[in-house]
Structures are given as structure tokens and as C-alpha cells.
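Below is one structure; the comments refer to it alone.
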Amino acid sequence: MKNIFLILCTVVLFSSCKAIKIDKNSASANEEINSGTTTFNNPIIKGKYTGDPAALVYKDKVYLYAGHDEAPNDFNFYKMNEWLVYSSSDMIHWEEHPVPLKVTDFAWASSDAWAAQVIERNGKFYWYVTVSHGAINGKAIGVAVSDSPTGPFKDALGKALVTNDMTTQTKIDWDDIDPTVMIDDDGQAYLFWGNSVCHYAKLKENMLELDGPIKTISLPNYTEAPWIHKKKDWYYLSYAYQFPEKIAYAMSKSINGPWEYKGILNEIAGNSNTNHQAIIEFKGKDYFIYHNGATQPDGGSFRRSVCIDRLYYNENGTMKRVIMTSEGIQK
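Read in numbering that gives the first Met the number 0, the sequence shown has 276 at position 277, and its numbers run on one by one without any break.
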């Protein structure tokens, strides 16, 4: 019996070693974590609650944009009046640049500094934001502009770019949220957005007007939080999947589709019903930026915290599943 037990232990130990070796080459293995002494770098912002992250790589820095979760502990919904911006040259140390943009900077908006994204074009920075409209029922998408990625930003239009009455596929009044934007290699800019339905449209070169009809994309269990990016010849459309939200993604050789669903990219974020992702490449490495509600003692769905982990691609272009870690990005 002892010999059998020893043999079984050896087999289990050998199998475990093999499993660890395989895991080191997968998305669930963080190269930095395995390299030596670690620190707990997630969440990356400790002094404030931050949600709905977006990121911009500009020159030699990453600029992180997020909504400021200000809900008190006994308030069970979102209370968000402003957006925040941070910058980093190493993805570990972050400097805040207060306060670049508030809901009150849009005279036509009433409340709710929800998900947003910034993009640069011709030396100007365009911030596409979700707010509640003051006159037209429902959520709307506005645009702010600045000469600097850290602001200050100002309303670029004096009105909304997208309003609830422009999309009629659903009866809800919060379907026009979560804008994500990219400029393709040929210079054409695109805006994607939506809750329940994923909408997209071309943008004119001035980045302030839609250029043509609003189209929709059918994606399995699409909830919200689209993020559009391109790597090599592939377009990637990631999004919040079901509720509570996981992140899933689809791929295409054309930004106009057809889109092929590729599966779950990461699981439900800790202690948060929502998730919202940004995917970037910086200094030769790929990163997955998201939020959770795990900060103790008061974190949760309405007091979220931005985190970052590494992202890895397979040889065929698909993305490996991201595992959320406490260690985050290491030196």
C-alpha cells in the first residue's frame, strides 16, 4: 500500500508540475508575478473609487480615464458627477490630474458621469462621454475636446452627439451609453456604443458628427461596455456579457463584420455586477484594464476600483482568457 501511495503521490506531483508549466505559458500566468518579490498593485487607484475605465496610449505614457464613484455606503445606485484622469509611464505608478471634466461642463446634461473614452486626432483630444440628457428623455453621448490629454476639457458641440430618440431598437432609455471609438488605418473614425444593442457609426473627420447611418451588430448575450481595438489584421470587439457581467469578445477581418464570437475573455469581477474593459498595447506588452468592487471595507457595484492585468494573444490572433489578480502589474 505504501508503494502504491508513493507512486500515486509521484504521479500527482508530476502532473501538478506539468500543469504549472502549462499555466505559466497561458493568460492566467502573470510573468511579473512569477519573477520574484511581488506587491499587491490592484486596484491601481487607492484613494478614490473609480469605474468604467478607458485608456489612451500617447507618446511615452498611458492616460487612464475613469468615472468617479461617489456613492455613500448606504446608497445603492451610481452617484457619479465627474470623470478622472491619471497618467503613468510604467503601468504601476499613477499620477492624478484633477479635475478634467464634470457633468456640469455640459449645459444640456442633467447628471451621471458614466462610461467614456478619449482619443487623439491631429493634436486634439476628444472625450466621448455618457450622461443623462436634461431635455430629451434618456441617456445621451456628448463630446468634449482639449489640447491636452489631461485637460481641461470643454463641451465641443453645445449639444449631444447621440440621443435616445436616435436609436429605436429597444424601449429602454439607457441604451445610448458606453461609447468607444477608434481611428482605422485609413483614417476613418468609428464610434461604437450601446446597452442591450451594440450600435456603431462612422464619424466625420472633425470627430464631432456622425457620418452616415447608425448600424447594429448582433453579438451573443450582449449587455453593454463595447471596446473596439485592432491588432495586426484583426479587429476585436469586446463587451460585457450577460448580467452579472463577464467580458466576451468577437473578431473580424473587417470593422463592418461579419463578427465571429470567440468566447469569454474574463470572468465576473469581484463584488461588482458590472465590468468595463479597456485593452491597450504599451511598450511591447498588452494590458487588460477593468474594474471590480473588491476594495474593503466599502467597495461594491457602486463603489468600484480600476485594476490592470496582462493580456496575451495566441498565434492565431485569439486572446487568452484573462485572470484577475491582486498582484496586477509588477516591475
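Positions of the beta carbon are idealized from the N, C-alpha and C atoms, including for glycine.
- Using a Cβ-Cβ distance cut-off of 8 angstroms, the segment 295-305 and the segment 316-328 are not in contact, since fewer than three pairs of beta carbons, one from each stretch, lie closer than that value.
- In the three-state scheme derived from DSSP, where H, G and I count as helix and E and B as strand, residue 183 is classed as coil.
- For residue 79, the closest of 48, 308 and 245 by C-alpha to C-alpha distance is 48.
- Residues 116, 191, 225, 226 and 227 of the same chain have their beta carbon placed closer than 6 angstroms to that of residue 179, with the five preceding and five following residues left out of the count.
- Across the set 216, 67 and 149, the C-alpha of 67 shows the shortest separation from the C-alpha of residue 111.
- Non-local beta-carbon contacts of residue 90 in its own chain, meaning distances under 7 angstroms to residues more than five positions away in sequence, involve 61, 281, 286, 307 and 328 in chain order.
- Inter-segment contact for the segment 204-212 and the segment 246-255 is absent: fewer than three beta-carbon pairs are separated by less than 8 angstroms.
- The Cβ-Cβ distance between residue 56 and residue 81 does not fall below 8 angstroms.
- Taking the Cβ atoms as the reference, residue 51 lies roughly 6 angstroms from residue 65, within the contact range of under 8 angstroms.
- In the structure shown, the three-state DSSP call for residue 104 is helix.
- Scanning 188, 193 and 95 for the CA closest to the CA of residue 149 turns up 95.
- Exclusion of the five residues before and after residue 168 leaves 196 and 215 as the residues of its chain whose Cβ lies within less than 7 angstroms of its Cβ.
- Per DSSP, the beta bridge partners of residue 50 are 66.
- 100 is the residue among 122, 100 and 106 whose C-alpha sits nearest the C-alpha of residue 113.
- In the three-state reduction of the DSSP assignment, residue 250 falls in the strand class, which pools E and B.
- Here residue 174 is buried. Its C-beta has 16 or more other C-beta atoms within 10 Å.
- For residue 241, the closest alpha carbon among the candidates 194, 163 and 279 is that of 194.
- In this structure, DSSP gives residue 163 a helical state, which the three-state scheme calls helix.
- Measuring C-alpha to C-alpha distances from residue 142 to each of 232, 166, 102 and 121 identifies 102 as the nearest.
- When DSSP reads this structure, residue 198 sits in a beta bridge with 192 and 215.
- Membership of residue 93 in any beta strand (DSSP E) is not indicated, and neither H nor E is assigned to it by DSSP.
- From the listed residues 177, 104, 288 and 295, the smallest Cα separation to residue 311 is found for 288.
- Shown here, residue 83 sits in a strand according to DSSP, grouped into three states.
- DSSP, read as helix, strand or coil, puts residue 326 in coil.
- Collapsing the DSSP output to three states places residue 116 in a strand.
- With distances taken between CA atoms, residue 230 lies nearest to 181 out of 213, 181 and 222.
- DSSP places residue 156 outside any beta strand (DSSP E), giving it a letter other than H or E.
- A check of alpha carbon separations from residue 234 across 222, 243, 212 and 261 identifies 261 as the nearest.
- Around residue 104, the same chain offers 143, 152, 153 and 154 as residues with beta carbons nearer than 8 angstroms, after the five sequence neighbours per side are excluded.
- At the C-beta level, residue 140 and residue 159 come within 8 angstroms of one another.
- Beyond the five residues adjoining it in sequence on each side, residue 137 comes within less than 6 angstroms, by CB distance, of 163 and 172 in the same chain, given in chain order.
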